[in-house]
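Student: Here it is, the structure in full.
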Amino acid sequence: MPKEGKEALQDNLTELKHWQVRGKLSVRSPDDSVTGYLDWDQDNRDYDIYIAGPFGQGATRLSGDPYSASLTLPGWDSPQFADSPEELMETYMGWNFPVSDIRYWVKGQPSPNAKSTAEFDEYGLLSVLRQHGWEVRYSRYQQQNGYWLPGLVKVTGYDFRFTFAIREWTLHD
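Under the UniProt record's numbering, the final residue of the sequence shown carries the number 173; numbering is consecutive throughout.
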């Protein structure tokens with residue numbers, strides 16, 4: 001596909017600001033492996049990410065906006081707050097994960113916050129993205145309301161692997 005086509009697809013994704021995904025999230029680290037059901041609502045820069053184990057057990061919620069973030073883990077009576085989701089993840093989970101960039105990555109788009117390298121498939125869709133020392137692989141694209149969105153996103157780096165198996169995309173105006 002000509003470069004103009006690839007750029008057009010990326011520009012198209014920039015317009016997508018309010019969306020919701022449902023599916024599964026699995027996380028592997030050198031010490032642990034966990035899987036949960038994912039329900040993520042992104043409204044421009046505001047987000048609410050809810051992850052629950054089987055039968056709703058072990059629910060985790062990460063939510064916030066550009067100015068603050070909150071994290072609630074299983075067994076907590078109240079959420080913990082910080083200036084950024086990255087700070088919460090590092091402090092309470094020991095994960096160095098660029099949460100602020102994942103809202104771009106999950107759509108099949110590089111974050112505008114840092115330089116990246118990208119590989120595209122024969123249809124002009126992003127297949128591999130490298131950014132911030134992370135490698136993001138995309139597959140199972142599906143078309144929804146004029147957008148091509150990935151159904152499987154694998155994020156690998158720093159001894160971690162996050163796999164987003166997206167069952168459903170809901171797009172809002």
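The C-beta atom is built at its ideal place from N, Cα and C for all residues, glycine as well. Bear in mind that the values here come from a model prediction, so they are computed numbers and not experimental data.
(1) Reducing DSSP to helix, strand and coil, say where L62 ends up.
(2) With distances taken between CB atoms, is the gap from D37 to K24 smaller than 8 angstroms?
(3) Just how far apart, CA to CA, sit W105 and N145?
(4) Measuring straight from C-alpha to C-alpha, what distance separates E122 and P54?
(5) What residues are listed by DSSP as bridge partners for A114?
(6) Exposed or buried, V34, counting other C-beta atoms within 10 Å across all chains shown (16 or more means buried)?
(7) Rounded to whole angstroms, what is the Cα-Cα separation between G75 and Q57?
(8) Who pairs with G36 in a beta bridge, going by DSSP?
(9) Taking CB distances under 8 angstroms as the criterion, tell me whether T117 reaches chain D.
(10) For R130, write down the residues that DSSP places opposite it in a beta bridge.
(11) Using a 10 Å radius around the Cβ and a threshold of 16 neighbouring Cβ atoms, would you call G94 buried or exposed?
(12) Out of D32, E15, R28 and N12, which has the shortest C-alpha to C-alpha gap to G157?
(13) Evaluate Q42 with the Cβ neighbour count: other Cβ atoms within 10 Å of its Cβ, from every protein chain shown; 16 or more gives buried, anything less gives exposed.
(14) Give me the Cα-Cα distance between E4 and D65, rounded to the nearest whole angstrom.
(15) Where does Y158 fall in DSSP's three states?
(16) Figure out for me which residue from V128, D32, M89 and S111 has the closest Cα to the Cα of E119.
Tutor: Let's see:
(1) DSSP places L62 in the strand class (E or B) of the three-state scheme.
(2) Residue identity check: residue 37 is Tyr in the sequence provided, not Asp. Contact flag set, yes.
(3) 19 angstroms
(4) 38 angstroms
(5) A114 is not bridged to any residue.
(6) With fewer than 16 other Cβ atoms from the protein chains shown falling within 10 Å of its own Cβ, V34 counts as exposed.
(7) 10 angstroms
(8) For G36, which the question treats as bridged, DSSP gives the partners L25.
(9) The question asks about chain D, but that chain is absent: this structure has only one protein chain.
(10) T117 and E135
(11) exposed
(12) R28
(13) buried
(14) For E4, the pLDDT reaches just 49, beneath the cut-off of 50, and the residue's location in the model is therefore unreliable, although a value from the coordinates is still provided. Distance between the alpha carbons of E4 and D65 is about 33 angstroms.
(15) In the structure shown, Y158 sits in coil (DSSP, three-state: anything other than H, G, I, E or B).
(16) V128
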